[in-house]
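Asks: Here the protein sequences come in this chain order: A and B.
If you use this note's numbering, the first sequence closes out at 931, no skipped numbers anywhere.
If you use this note's numbering, the second sequence closes out at 532, no skipped numbers anywhere.
Even for Gly, the Cβ is constructed at its ideal location relative to N, Cα and C.
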Amino acid sequence: MKDTEGYVTADGRQIGGTLMEMKNITLRFGGVVAIKDISFDVHEGEIRAIIGPNGAGKSSMLNVISGFYTPSEGEVWYQGAKRPQMKPYEVARMGVARTFQNIALFEGMTVLDNVMTGRLTHMNASVLSQAIWWGRAREEEIENREKVERVIDFLEIQHIRKTPVGRLPYGLKKRVELARALAAEPSLLLLDEPMAGMNVEEKEDMSRFILDVNDEFGTTICLIEHDMGVVMDLSDRVVVMDYGKKIGDGTPDEVRNDQAVIDAYLGVAHD
Amino acid sequence: MLYRTAGQFKTSYKADQALFPVRQDAILLGIIMVFAWVIFPFTASEFAFQTMLIPVLIYALASMGLNILTGYAGQLSLGTAAFMGVGAYACYKLLTIMPWMNPVVAIFLSGFFSAGIGVVFGIPSLRIKGFYLAIATLAAQFFLVWLFEKWAWLYNYNASGAIQVPNTTTLGTYVTGPLASSMTQYYVVLGIVTVMTILCINLTRGNLGRMWKATRDMDIAAELIGINLMKSKLIAFAISSYIVGVAGALYVFMWKGAAEPNLFDIPLSFEILFIAIIGGLGSILGNFLGAILIVGLPVVLNLLPDALGIPISSALVEHLNIMIVGSLIVFFLIIEPHGLARLWALIREKLIIWPFPH
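1. Does DSSP put GLY734/A in a helix, in a strand, or in coil?
2. Of all the residues that make up the region 178 to 210 of chain B, which are near chain A by a beta-carbon distance shorter than 9 Å?
3. Given a cut-off of 8 Å on the beta-carbon distance, is the pair VAL363/B and LEU231/B in contact?
4. Helix, strand or coil for GLY715/A, going by three-state DSSP, please let me know.
5. Sort ALA210/B, ASP190/B, ILE213/B, LEU243/B by Cα distance to LEU447/B and report the nearest one.
6. Indicate the three-state DSSP secondary structure (helix, strand or coil) for ILE526/B in the structure shown.
7. So GLU861/A contacts chain B; which residues on that side make the cut at Cβ distance below 8 Å?
8. From GLU816/A to ILE399/B, what does the alpha carbon distance come to, in whole angstroms?
9. Does ASN241/B come within less than 8 Å of chain A when only Cβ atoms are used?
10. Among ALA264/B, TYR331/B, MET275/B, whose alpha-carbon lies nearest the alpha-carbon of ILE291/B?
11. Can you confirm whether ASN381/B, when its beta carbon is compared against all beta carbons of chain A, has any partner nearer than 8 Å?
12. I'd like to know whether the C-beta atoms of ILE881/A and LEU849/A end up nearer to each other than 8 Å.
13. Between which two residues does the alpha helix (DSSP H) carrying GLU861/A extend?
14. Thinking just about the alpha-carbon of each residue, which of MET497/B, TYR425/B, LEU517/B is nearest to the one in SER457/B?
15. Under a three-way DSSP split, which group does GLY431/B fall into?
16. Expressed to the nearest angstrom, what Euclidean distance is found between the alpha-carbon atoms of ILE372/B and VAL756/A?
17. Where does LYS625/A sit, in a helix, a strand or coil, going by DSSP?
18. Are the Cβ atoms of ILE468/B and VAL499/B separated by less than 8 Å?
19. Report the residue ranges of all alpha helix (DSSP H) runs contained in full by the region 818 to 860 of chain A; include only those spanning at least 4 residues, in chain order.
20. Roughly how many whole angstroms lie between the Cα atoms of TYR738/A and GLY910/A?
21. When you compare the region 727 to 743 of chain A with the region 351 to 369 of chain B, are there three or more beta-carbon pairs, one atom per stretch, that lie closer than 8 Å?
22. Check whether chain A comes within 8 Å of ASN402/B, counting only Cβ atoms and requiring the distance to be less than that.
23. Pick helix, strand or coil for GLU688/A, following the three-state DSSP scheme.
24. For a quick check, are the C-beta atoms of ALA280/B and LEU269/B less than 8 Å apart?
25. Does LYS387/B get closer than 8 Å to chain A when you measure Cβ to Cβ?
26. Closer than 7 Å by C-beta to MET661/A: which residues in its own chain qualify, once you throw out the five before and the five after it? Chain order, please.
27. Grab me the residues of ASP923/A's own chain with a C-beta within less than 8 Å of its C-beta, minus the 5 sequence neighbours each way, in chain order.
28. Hey, does GLU397/B have any beta-carbon neighbour from chain A nearer than 8 Å?
29. In whole angstroms, what is the alpha-carbon distance linking GLN674/A and VAL808/A?
30. Find the nearest neighbour of THR759/A within the set TRP793/A, LEU851/A, PRO824/A, ILE812/A, judged by alpha-carbon distance.
31. Taking CB distances under 8 Å as the criterion, tell me whether TYR635/A reaches chain B.
32. If VAL928/A and ILE907/A are in contact, beta carbons under 8 Å, what's the gap, nearest whole angstrom?
33. DSSP three-state label for GLU803/A, please.
34. Is TRP794/A buried or exposed, if buried means 16 or more other CB atoms sit within 10 Å of its CB?
35. What would DSSP say about LEU268/B, mapped onto helix, strand or coil?
36. Taking just the CA atoms, how far does PRO748/A sit from TRP429/B?
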């Protein structure tokens, strides 16, 4: 595998080798081509953004990474090996966690239970043990509760721990969703528009949390976002998509000055 | 005031995750247990045993099974009665093929037969959901009742086509059949229901319970965070059908004494679904509250006019019962979709913070 060296970011953080590599991904729905021959990589420990105008295929890309869509062509390489065709839950068990553009929490459960579902992939007590609430199941429940409480602490949602999620305001729901993804201790965290529909203050909070997560746990993050200010500030490297094609890839500065990117965002005169 | 939780501090996650984090809940349950285990059986008349105590417990158990599937895992089922039938016929065959078998063991074993059949009829749930799944389980309902009628081996080629509960003993006392006393049967039912309830509470508050609720609330998100939906749904079908099957065995062996295939027809399925809805989907307590209401209402309606000296025909009582149950269901679906259990939860919440409004 090439380029496993890593690099040093502008603010002096050491980034590791390649964690995931998308090779020539194409995704078709019937005659519609959502993603066309896109390749890019994600390094360990970096914050990687995917941007692009509406309908560019960003969310489809994230769905390919999380296994919800199977690419029509191309390969996904993860942790140095080619990923075979997998069900989404198998991908999650390999350490890929994600949040959703439209909040996808379990509304009937409390915040604590929602975050605990993030630990599902780490719990394997037998049904019998769970039924009698003895042995492995009980130990597991307490061990994982401790891990979950650390995440709850980190994201400052202690006060709503036992509140049913349905009663929470939007901004907090987004945070609970991040907590659920973090509880899984993912090696790759996918964030689908983490700031969508938030006010400035909430965006600042969320940005802080994303940076803190990356800093404290060293989690690799791949995010989609529309707010350019946020993307340029947060991310180490950016992929730019337009009409299902990759039109730019590089550091925020490189991308910002790329003529193709400027054309895609501002429009270009057709003569 | 009675429910004030001030001063009850938790210093470990273990304490916080205990069965009764609030002390008053444990006390209340203790009082109910004393009534159920000591006061009721020693004061109840034969009539009370046969019309209230035993059927309430059996219906609550059947509803609990349905609730695991519908209330927790979110898979609508209309085949409950048929799965009860499987449990009852399995128990009958076990006890007639192996008459030396302990009836309580046979009842527990018969649940496995219904669990197996439940899983088979649960397979469509992997592709379809909601009303469409309800129709698929309806197929189970019709097919199984037809099978009970046509497969003569199931009822040992009786001329009547019905199954008769044999007299069996445990520790020298008659447990099933015409010779068994109501009190013995009540204790057996109560014991089994208590054990099953504890197991259900544990299952629904643990990892499996969270898996089911996630499947119910948003299946796509559930799959993307690592839940194998197939496993989650089929385990729900298996456990639900097991409980329903045991309830079916109890229904015939501890209460009815004999059964024809049409006993397990769709009205019984609906009755149990009503108990689950009125009691509260997604709640264990609700099954008991719903069963008390649905089983108790006709009894009260029968006794009340006599007690008040109003002459009223039994046909009218029956019609009144249907009308009242019907309007209660409409009422609950509109006012409180989460049923009696939610009502109790609200009262409890208010009591805890009383006299403050928030």
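Replies: Let me spell this out:
1. strand
2. Against chain A - using a Cβ distance shorter than 9 Å - the residues of the region 178 to 210 of chain B are SER186, TYR187, LYS188, ASP190, GLN191, LEU193.
3. Between VAL363/B and LEU231/B, the gap from beta carbon to beta carbon is short of 8 Å.
4. Coil, per DSSP.
5. LEU243/B
6. helix
7. The contacting residues do not exist; GLU861/A stays about 25 Å from chain B at best.
8. 22 Å
9. no
10. ALA264/B
11. It does: the Cβ of ASN381/B has a partner Cβ on chain A nearer than 8 Å.
12. Yes, Cβ-Cβ distance for ILE881/A and LEU849/A is below 8 Å.
13. 860 to 877
14. LEU517/B
15. coil
16. 36 Å
17. Absent from the structure is residue 625/A, since the part of chain A shown begins at 661 and ends at 931.
18. yes
19. Annotation note: the region 818 to 860 of chain A contains the following uninterrupted alpha helix (DSSP H) runs of length 4 or greater, listed N- to C-terminal: 830 to 843.
20. 21 Å
21. Judged by Cβ distances under 8 Å, the region 727 to 743 of chain A makes no contact with the region 351 to 369 of chain B, as fewer than three pairs qualify.
22. yes
23. Reading off the sequence, residue 688/A comes out as Arg, not Glu. Strand.
24. yes
25. yes
26. Caution applies to MET661/A, whose pLDDT of 41 falls short of 50 and renders its modelled position unreliable; the model cannot decide the point.
27. Result list for ASP923/A: empty, nothing under 8 Å.
28. yes
29. 28 Å
30. LEU851/A
31. Look at the range of chain A in this structure, 661 to 931, and you will see that residue 635/A is not part of it.
32. The beta carbons of VAL928/A and ILE907/A sit about 12 Å from each other, so the pair does not count as a contact at 8 Å.
33. Secondary structure of GLU803/A (DSSP, three-state): helix.
34. exposed
35. helix
36. TRP429/B and PRO748/A: Cα-Cα distance of roughly 48 Å.
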